[in-house]
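>
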Amino acid sequence: MHLKSTLSGLALVALLAIVLAGSPAVGAAGSPVIDGVQSTNETVTNETADETANATTPTVGNLTTWVGSNRALNLTDPAAVRAARRDGRLRRNATASRNETLVIEAPAPELATAVATANGSGSDATTFLRVLDGSSYDFRMEQTYDSTPAGIVESRLNLSGTVAADGLQVVPDERNGTLFLVFRVSRIALDYPDTWRGSDPALSPGMAFEATLSATGDTAQSSTTVWRFVEPPISFDTDAGSVVRLSVSGRCSLVTGRAYPGADVDIDADVRSPESDSLDVAVTTETRADGWFAACVNMMNVPQNVTLRLTGDGFRGGVTAVVGHGGLLSIALDDQNATNGTVSGTATLSDPGFVALYRARSIDALTLGNDSGWCSFPPYLDRRAAESRLVGVSDHLGPGQQAFSVDLTTDLDRSTRLLALVHYDRDEDGRFDYPGGDFPQCSNRQPVSDTARISPVTTTPPGTETETDGGNREQSATAPTTSHVDGPGFGLAVAALALVAVALLARRRS
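The UniProt record's numbering puts the first residue of the sequence shown at 1, with every later residue one more than the last.
#1: How long is the line joining the alpha carbons of residue 79 and residue 73, rounded to whole angstroms?
#2: Can you tell me which residues form a DSSP beta bridge with residue 268?
#3: Touching or not, the region 187-199 and the region 106-114, by the rule of three or more beta carbon pairs under 8 Å?
#4: Could you pull out every residue in the same chain whose Cβ sits closer than 7 Å to the Cβ of residue 412, ignoring the five residues on either side in sequence?
#5: Out of 105, 67, 71 and 106, which has the shortest C-alpha to C-alpha gap to residue 96?
#6: Report the three-state DSSP secondary structure of residue 159 (helix, strand or coil).
#7: Using 8 Å for Cβ pairs, my map puts residue 518 next to residue 57. What's the rounded Cβ distance?
#8: Please report the straight-line C-alpha distance between residue 296 and residue 187, rounded to a whole angstrom.
#9: Taking the straight line between their C-alpha atoms, what separation do you get for residue 222 and residue 174?
#10: Using only alpha-carbon positions, find the residue among 385, 69, 226 and 237 that is nearest to residue 144.
#11: Please report the residue range of the beta strand (DSSP E) in which residue 204 lies.
#12: Applying the 10 Å Cβ sphere with the 16-neighbour rule, what's the burial state of residue 205?
#13: I need the straight-line Cα distance from residue 126 to residue 168, nearest angstrom please.
#14: For residue 333, which of 423, 340, 347 and 100 has the nearest alpha-carbon?
#15: Can you give me the Cβ contacts of residue 234 inside the same chain, cut-off strictly under 6 Å, excluding the 5 residues immediately before and after it?
#16: Would residue 357 and residue 418 be called neighbours here (beta carbons separated by less than 7 Å)?
#17: Just the Cα atoms here: how many angstroms apart are residue 352 and residue 397?
#18: Does residue 104 pass the burial test, meaning 16 or more other C-beta atoms within 10 Å, or should it be called exposed?
#19: So for residue 485, helix, strand or coil by DSSP?
#20: Identify the residues that DSSP records as bridge partners of residue 137: which are they?
#21: Taking the straight line between their C-alpha atoms, what separation do you get for residue 238 and residue 157?
#22: Measuring alpha carbon to alpha carbon, tell me which residue in 349, 163 and 383 is nearest residue 365.
#23: For the region 341-367, list the beta strand (DSSP E) runs that are entirely contained and at least 3 residues long, ordered along the chain.
#24: From which residue to which residue does the beta strand (DSSP E) around residue 75 run?
#25: Looking at C-alpha atoms only, which residue of 385, 409, 401 and 405 is the closest neighbour of residue 391?
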């Protein structure tokens, strides 16, 4: 009985072992795992793997273009970019010129992080190139079809050549997931596809480019923006005759005008007359916030009457400029008596203007400091001295040789040396405006002027005697001798004496 029980137990164990042997082993591959190790209701599929990969797929947002002046920008970090946008040095714009900076703002978090955290030496621009080579991102810039001349293929950005020319600066903003591509437009390098033979193209006005940042992969993303290379307009302030008149001076001749705010203005002058083979008056300046600029042009050893064409490098438009004034300028003022307060002379003008008389022995009395009267612009005269010494202005005079007369505004009490100075009517309003805009004219780097000694003279109406040094003696010799007595109380004394005389006479008669 005991043996049977034992055998029955062994048989039961053997049967259980056989059953277990035919079942999947616990924890083996493909068996369900309890308590979250592996759920019997979840199955790893290819679709789930794709979703996991998509969660880390590079993303690209909308590209935005910003433009600003090269000189006004130093975009070395994200804070500098934000400050430039905030204060207006960077403007939302789709056009850029040669002297400007083009910024492409690219929302691309993974790319910004990759550039910011990449190891290795070199600038962020070279790091950007290296990251592009080993990532799912691609950046390209190609000329648009409609801006490409017929018979030529579209040019494209030579990215490595632009980096080598220091034409690209990359500013990663990892915190905001943005990458700023900062291009100096004048240093952008272009080339053609490998299938096109020809020299590398250069930027020219009218070219438009499509910039694209893309992320490759099963869920490819890309964003595109278009910008155009232009020559912005420039205008110059002109004088009479719609030309710019440059003073013949070794110091400064001012050129003013307007371009877009914050622009770098490189002024070039091309000689248009045969009198001079070459002339270098190039000057660089910067516009103010309202676009106005002023440049002092050096006119050292520049001959008179040379005609120039003033332009701004990278700008559309220009103006004719004349060094000095056409024709000979002269003035003649002789020593004379100012009959009835009027002074006369002759002058030859090339443009409408005036003759002004100043109480001065020479031009030095009207100049600033040690300036010896050489013409420059702004005018070489001390405005306070000129205003205080001005004693008369002629009527409005036309071009050519002519006589002039000036009515003195103050009387001369003795013989005085006066300076005659030619001013031209710059604004052509027919009124003398100086101190103001009607500046003195110059010839051969000297003011057109002359001096003379002017004596006061007054005319005597008929029948009126003129007093001379011997007048009193002549009058005493011909006129009866009379006594003129006057003084306080003298009349009363005479009356008293008369009464006494009458009383004595009456007493005598009695």
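All C-beta atoms in this analysis are idealised placements derived from N, C-alpha and C, irrespective of residue type, glycine included.
Let's see:
#1: 12 Å
#2: 311
#3: no
#4: 338, 454 and 456
#5: 67
#6: helix
#7: A query on residue 518 cannot be resolved here, the shown segment of the chain reaching from 1 to 510 and no further.
#8: 28 Å
#9: 20 Å
#10: 226
#11: Here residue 204 belongs to no beta strand (DSSP E), and DSSP marks it neither H nor E.
#12: exposed
#13: 9 Å
#14: 347
#15: 259, 312, 315 and 317
#16: yes
#17: 6 Å
#18: buried
#19: Residue placement at residue 485 cannot be trusted, given a pLDDT of 42 that sits under 50; the coordinates are not used to answer.
#20: 215
#21: 41 Å
#22: 383
#23: 342-349 and 353-358
#24: No beta strand (DSSP E) holds residue 75; DSSP gives it neither H nor E.
#25: 409
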